[in-house]
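Read the structure below first, then the notes.
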Amino acid sequence: MQFNGVLFFPVTPFAPSGTVDTSKLREHIESRLSHNPGGVFPACGTGEFHALDIDEIRAVVTTAVSAVNGKVPVIAGAGGPLGHARAAAKVAEEAGADALLVLPPYLVKGPTDGLVAYVEDVAAASSLPVIIYHRANGSFTADAVARLAANPKVIGFKDGVGDVGLAQEIVSAVATTGRTDFQFFNGLLTAELSQGAYRGLGIPLYSSAAFAMAPDIATAYYRAYIDNDEQARHRLLDGFYAPLVRLRDQTPGFGVSLIKAGLRLDGLDVGSVRPPLVDPTESQLVELKAILTAGRELVSS
C-alpha cells in the first residue's frame, strides 16, 4: 500500500440531533478528492474517534469507503479499550476499509511488551493491515517497532510524540529488519510545521488536519514541499500555519475544534464537536477567519 499525497483526516459531522450526519460526511470527503489526497483516514483523531460508538464508526467508515470509491486507500481508526479496538477493527473490515490506524489504548500506560501485544491483538481482530500510532500512552521504543515490523500485517508507523531522536532510532531500527514496504508518517498536530525536519529523519509522509478544513492551502503547501520550493513553503508556514498553531494552542482540543469551525465558516455545517472538546469562542472564530483569509491570499498571489 502506497500513499502519494497529503493524508486526509476528515471530521465527523454531527446533525443538530447529535447523530452522525453521513450525508454531510459524504459531501465533506467528496469535495476533497479533487485535491488528490494520498489516503483518507475516517474515524481517527480529527474524526473524534474518542467520541464515537461502534455503530457510529461503522456508519462513518462505510460512508467514507463509498465516497472514496476506490480512488485512494481508506484507513480507519481502531483503539481505546481493547474490546472496543477489536470491534472497531471488525466493523472497519466489514465496511470495506483498506487498513487500520491503531490508536493508543485507553487510560493505562502499559510496558513495552504490553503495547506490542496490544497492537498484535488489534491486528489479529481482522484481516486488515495496521499502522502503529505512536503517542501519549502508546509510546513505543525502537526495539518494539522493529519487533512489530516482523509481522507483515504491520505496515507503518505514525509519530505523534515528537521526539526526533527516538523517531530517528525507530526509522533506523526498521531498516535493519529488511522491510522495504514499511511507511513512516509525521502525525504531530499541524504536522506541516515540523515536516521539513521529519523529512530529514526519513519520514516523508504526514497527516494534515488542515487539509480537511482548507484543502487549497494544504495542497499548495504540499506542492511546495515535494518541489523543494523552500521560499513558497516558508511563506505558508509563516503566514498561515504558525498563526493557526498559536490559535490552536489557546485551548486544549483545538486541533479538532478549529477544523470543524473552519468548515462551518466555509459553508459546510458539520456541527459542533462532542464533549469533552469545546467550540471556539466568537473572538477565536474571527481570528480563525482572518488566518484562513491570509492563507488563501498567499495561495492566490
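The numbering of the sequence shown is the working numbering, which starts it at 273 and goes up by one. For glycine and all other residues, C-beta sits at the position ideal for the given N, C-alpha and C. Everything numeric in this text was worked out from a predicted model, so none of it was measured.
Leaving aside the five residues before and after residue i along the sequence, list all residues of the same chain whose C-beta is less than 7 angstroms from its C-beta, in chain order.
{"i": "M485", "result": "I531, G534 and L535"}
{"i": "V278", "result": "P309, G310, S480, F483, A490, T491 and Y494"}
{"i": "G368", "result": "V337"}
{"i": "A323", "result": "R546"}
{"i": "I301", "result": "P282, V312, A336, A339 and V340"}
So, residue i versus residue j, is the Cβ gap smaller than 9 angstroms?
{"i": "P285", "j": "V292", "result": "yes"}
{"i": "D370", "j": "P353", "result": "no"}
{"i": "A350", "j": "V402", "result": "yes"}
{"i": "G434", "j": "L460", "result": "yes"}
{"i": "V363", "j": "I404", "result": "no"}
{"i": "K296", "j": "V542", "result": "yes"}
{"i": "Q467", "j": "Q274", "result": "no"}
{"i": "A416", "j": "L387", "result": "yes"}
{"i": "L373", "j": "K430", "result": "yes"}
{"i": "R298", "j": "A348", "result": "no"}
{"i": "N409", "j": "P377", "result": "yes"}
Could you tell me the boundaries of the alpha helix (DSSP H) in which residue i lies?
{"i": "A369", "result": "Run containing A369: none; DSSP gives neither H nor E here."}
{"i": "L557", "result": "E554 to S572"}
{"i": "F483", "result": "A481 to M485"}
{"i": "Y378", "result": "Here Y378 belongs to no alpha helix (DSSP H), and DSSP marks it neither H nor E."}
{"i": "R304", "result": "T294 to L305"}
{"i": "Q503", "result": "E502 to L508"}
{"i": "G543", "result": "That residue, G543, is in no alpha helix (DSSP H); it is neither H nor E in DSSP."}
{"i": "R518", "result": "A514 to R520"}
{"i": "E464", "result": "Premise fails: E464 is in no alpha helix (DSSP H) and is neither H nor E."}
For residue i, which residues of its own chain have a beta-carbon under 8 angstroms away from its beta-carbon, when the five flanking residues on both sides are left out?
{"i": "I563", "result": "F512, P515, L516 and L519"}
{"i": "T523", "result": "S529, V550, P552 and Q556"}
{"i": "G527", "result": "G317, T318, L461, T462, A481 and R520"}
When DSSP builds the beta bridges, which residues end up paired with residue i?
{"i": "D551", "result": "According to DSSP, D551 bridges with nothing at all."}
{"i": "L477", "result": "F457"}
{"i": "H406", "result": "D431"}
{"i": "L373", "result": "G349 and I403"}
{"i": "G311", "result": "L279"}
Less than 6 angstroms between C-beta atoms, sequence neighbours within five positions excluded: which residues of the same chain meet that for residue i?
{"i": "T452", "result": "none"}
{"i": "Y470", "result": "N458"}
{"i": "P487", "result": "R304 and H307"}
{"i": "A361", "result": "A350, L372, V394, A397 and S398"}
{"i": "E328", "result": "V292"}
How would you write the range of the beta strand (DSSP E) that residue i sits in, first residue to last?
{"i": "Q455", "result": "Q455 to N458"}
{"i": "G428", "result": "V426 to D431"}
If you run the structure through DSSP and keep just helix, strand and coil, what is residue i?
{"i": "F286", "result": "strand"}
{"i": "V333", "result": "helix"}
{"i": "E320", "result": "coil"}
{"i": "A421", "result": "helix"}
{"i": "A496", "result": "helix"}
{"i": "G527", "result": "helix"}
{"i": "A397", "result": "coil"}
{"i": "K343", "result": "coil"}
{"i": "G355", "result": "helix"}
{"i": "D327", "result": "helix"}
Going by the C-beta, is residue i closer than 8 angstroms to any heavy atom of the ligand NAP?
{"i": "T449", "result": "Within the structure as shown, the ligand NAP is missing, as the structure has no ligands at all."}
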